[in-house]
Amino acid sequence: MIEIENVHKSFADLAVVKGVTMNVNKGEVVSIIGGSGSGKSTLLMCINGLEKIQRGSIRVDGIPVQSAETNLDKLRRRIGIVFQQWNAFPHLTVLENVMLAPRRVLKLSKAEAKAIAVTQLKHVGLEDKHSAYPSRLSGGQQQRMAIARALAMSPDYMLFDEATSALDPQLVGEVLDTMRLLAEEGMTMILVTHEIKFAREVSDRVAFFHQGVIHEMGTPDQVIGNPQRVETAQFLGSVL
C-alpha cells in the first residue's frame, strides 16, 4: 500500500500540494486528473522521493519515503516511474537501454539482464527493435521502451506522469494499450493523465486535483460520470 497523509509541498513561496491524503492499495489503479499546475505531477515526484515534502508523510509498504534512515535508491527499485519524456541514452540500443539499470543497480550479470530486457521488450511489443537506436523509434515506441525499462526492475508499483502528453495523437493508443495490459495483469499504478476516457476505463478510483487539493475522489462512474463538485464538472466539460 502507498499511504499519503496530509502532504504539503511548496517551491519557495508557491504552495503546490496542500494537505493531500489518499491511499493506494496493492493491485489498484488510481488515476489523478486535473488542470495544469494542480499538483498532480508534483505528488508523483514526492511518492518517488524525487521531491522533498514540507509536512505530512508518505509510506510505501510501511517504509517512510522522507525518513533520513530510508535507503531511497533501494526503495525506488520497487517504484517504477515513466515521465512525459523518455530520456533514453541515444548511444545505446533499445536492448542496452533496458539492460542498463538491472546491470548497474541490481548488479545482475549481462546474461541475466539481457534475459529480463528481452522479456520486457516483448511484453511491450518491441521484440523486433532490440538492435535499433532510440532515434530510429517513433515517439510511441520510445515511450514503450521507457515502460519496459521501468518494468525491468520488477517494481511493485508503477507511476505514470502524463506518459502520452508528448506524443502525436496517432501514437497515443499504442502506449495506452501497454498501460491497459499492465492494469489487466494487476500492476498497482498511479496515473497522472489527461486521457479521461482511458482513466474511466482502467481505473478503480479517480482523484480530481484542483489548486493543490483533492476536490473529489471515487469510482470513475462517480467522479467522471456524475461529478458532485462544480470544479470537477467544469474541468471535465473542458476536456471531454
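With positions in the sequence shown counted from 1, the corresponding number in our numbering is that position plus 24. C-beta atoms are modelled at their ideal positions from N, C-alpha and C, and glycine is treated no differently.
Can you pull the DSSP bridge partners for residue i?
| i | result |
| --- | --- |
| L161 | L161 is not bridged to any residue. |
| S34 | A39 |
| V44 | V31 |
| I26 | V48 and V84 |
Answer with buried or exposed for residue i, where buried requires no fewer than 16 other C-beta atoms within 10 angstroms of its C-beta.
| i | result |
| --- | --- |
| E151 | exposed |
| H239 | buried |
| H234 | buried |
| P244 | buried |
| K76 | exposed |
| D185 | buried |
| Q258 | exposed |
| A36 | exposed |
| A223 | buried |
| R229 | buried |
| N250 | exposed |
| R128 | exposed |
Using alpha carbons as the reference points, say which of the options lies closest to residue i.
| i | options | result |
| --- | --- | --- |
| V142 | V118, S162 and Q165 | V118 |
| N95 | I105, E186 and R83 | R83 |
| R101 | S178, A207, M46 and A187 | S178 |
| G61 | K33, D85, L124 and G73 | K33 |
| V40 | I28, G51, N49 and Q78 | Q78 |
| D85 | N47, Q108 and D37 | N47 |
| T217 | L68, G73 and L161 | L68 |
| V199 | A172, M211, I28 and T212 | A172 |
| G210 | L260, F113 and V54 | V54 |
| R253 | F232, A174 and N72 | F232 |
What are the boundary residues of the alpha helix (DSSP H) that includes residue i?
| i | result |
| --- | --- |
| S55 | Careful: S55 lies outside any alpha helix (DSSP H), inside the beta strand (DSSP E) at V53 to G58. |
| M183 | Note that residue 183 corresponds to Leu in the displayed sequence, not to Met. Segment Y181 to D185 is the beta strand (DSSP E) holding L183; no alpha helix (DSSP H) there. |
| Q194 | P193 to E208 |
| M69 | K64 to I71 |
| Q246 | First-last for Q246: undefined, no H or E at that position. |
| L145 | K134 to H147 |
| R224 | I220 to V226 |
What is the residue span of the beta strand (DSSP E) that residue i lies within?
| i | result |
| --- | --- |
| M241 | V237 to G242 |
| H234 | R229 to H234 |
| T267 | In this structure the chain extends from 25 to 264, so residue 267 is not present and cannot be described. |
Does the ligand GTP have even one heavy atom less than 7 Å from the beta-carbon of residue i?
| i | result |
| --- | --- |
| S159 | No copy of the ligand GTP occurs in the structure displayed, which carries no ligand at all. |
Practice task
Could you tell me which uninterrupted alpha helix (DSSP H) segments, each at least 4 residues in length, are contained entirely in the region 79 to 117, listed from first to last along the chain?
Solution key: 96 to 100, all fully within the region 79 to 117.
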